[in-house]
Amino acid sequence: MTSGTTRRLSVSLQADHVTSKGFAATRWRVADLRSGDGGPHPLDLQLTLTERAAYRFNLTSDAPRLFVNAGDADGEPCPASITASQEVAAAWLDGEQRVLEVAMPLAIQAWLEAYLARHGEAPDEGRKKKRKGAGRAREHTP
């Protein structure tokens, strides 16, 4: 599925067996990311207006990333969704979901830039000015 706000991507995972301080563990990573339905785990990358600031932050980083929700942190990974927003990925982590990251392909970066150009940057919320004395108890003299 490809539209102005959705791209279909396929994810392949790979298990790496590592030993650290005598303990064996399995680390999962995204082994392959390709456009379309060609891989074992097809997912839709859906862009939303509310995440525009997060997309811009990601694009201006040294290494833009995509984040894959790979299901419950304790179980076998099962990719369920993908995002370009670090804020969404952080919410998944807060919900004890396994999040894997992968370098964002240049084609996705260009598509994301075009989305931001078409819909505008997120509004600057800025800092609100406090009124003098606001938030403080006022002294009353009878």
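Numbering (the UniProt record's numbering), first residue to last: 1 to 142. Ideal placement from N, C-alpha and C gives every residue a C-beta, glycine not left out. Please read these numbers as outputs of a predicted model, since none were measured by experiment.
Name the two residues that bound the continuous beta strand (DSSP E) containing residue 25.
23 to 35
Kindly list the residues whose CB is nearer than 6 Å to the CB of residue 41, restricted to its own chain and excluding five residues on each side of it in sequence; keep chain order.
Short of 6 Å from the beta carbon of residue 41, and not among the five residues preceding or following it, lie these beta carbons of its own chain, in chain order: 11 and 79.
Please report the residue range of the alpha helix (DSSP H) in which residue 150 lies.
With the chain covering 1 to 142 only, the question about residue 150 has no answer from this structure.
So residue 101 is in the beta strand (DSSP E); what residue range does that whole segment cover?
97 to 103
What whole-angstrom Cβ distance do residue 46 and residue 72 have, given they're in contact under 8 Å?
At roughly 22 Å, the Cβ-Cβ gap does not stay under 8 Å, so residue 46 and residue 72 are not in contact.
Take the Cβ of residue 43 as the centre, count every other Cβ of all protein chains shown within 10 Å, and call the residue buried at 16 or more, exposed below.
buried
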